[in-house]
Amino acid sequence: MVTLPSGQIVRARFHARRRTNGGWQYQVGVLVWQDTADGIAEPAEHRAWVSPAHVQPIPSISYQHVPTQRAPRAETAPSRKNQPAWTLQHLPHRPGHPSATLIHVIGCTPSDQTLNREQALEIFNGWGYVGS
Numbered sequence: 008m009v010t011l012p013s014g015q016i017v018r019a020r021f022h023a024r025r026r027t028n029g030g031w032q033y034q035v036g037v038l039v040w041q042d043t044a045d046g047i048a049e050p051a052e053h054r055a056w057v058s059p060a061h062v063q064p065i066p067s068i069s070y071q072h073v074p075t076q077r078a079p080r081a082e083t084a085p086s087r088k089n090q091p092a093w094t095l096q097h098l099p100h101r102p103g104h105p106s107a108t109l110i111h112v113i114g115c116t117p118s119d120q121t122l123n124r125e126q127a128l129e130i131f132n133g134w135g136y137v138g139s
């Protein structure tokens with residue numbers, strides 16, 4: 008059962024559930040009327056992810072076979088802090104152009120030298136950049 012924004016409670020089809028860092032979410036489908044190109048109204052399912060506050064189980068129905076996605080465990084989730092996210096490019100001095108060092112988002116410019124967050128911030132701070 009799903010509670011609509013108007014407060015009306017309607018029966019819905021339960022398609023999936025997923026666990027996020029913020030809690031559980033449920034994908035439900037509610038039948039609504041939809042006009043076809045021929046001008047005929049026919050039922051069509053509208054699907055949405057909703058929080059537990061807006062759904063309630065139907066007594067005597069088993070939900071054990073509903074596809075379930077669980078949030079990754081904190082200890083197994085890779086740390087983004089030390090992952091390469093930028094590349095360093097050194098441009099040599101050319102007539103009319105000074106030499107330069109550029110930092111690109113990883114994958115933007117091919118480079119053998121990748122940087123993690125701390126390394127990129129060290130370079131920024133060396134240029135007088137303040138912030139993170």
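Reading the sequence shown from the start, the letters are residues 8 to 139 in this note's numbering.
Glycine included, each C-beta is placed from N, C-alpha and C at the ideal position.
On a predicted model such as this, the values are computed, not experimentally measured, just so you know.
Across the structure, S58 and E52 are spaced so that their CA atoms are roughly 19 Å apart. Per DSSP, the unbroken beta strand (DSSP E) holding T27 starts and ends at R20 to T27. For a cut-off of 8 Å, the C-beta gap from V73 to A19 is around 13 Å, too long to register as a contact. Rounded to the nearest whole angstrom, the C-alpha separation of Q34 and Q96 is 45 Å. Rounded to the nearest angstrom, the Cβ distance from I110 to W93 is 5 Å, consistent with a contact under 8 Å. Pairing V39 with V9 gives a Cβ-Cβ distance that is not under 8 Å. Excluding sequence positions up to five before and after A127, its CB lies within less than 8 Å of the CB of A92, W93 and I110, all in the same chain and listed in chain order. In this structure, the CA atom of S13 is about 23 Å from the CA atom of E49.
By the CB criterion at 8 Å, A78 and R26 fall inside the cutoff. Within the same chain, R25 come within 6 Å of Q76 by CB-CB distance, once the 5 residues on both sides are set aside. Straight through space, the alpha carbons of Q41 and Q32 are spaced by roughly 26 Å. In this structure, the straight-line span from the alpha carbon of G46 to that of L122 is close to 58 Å.
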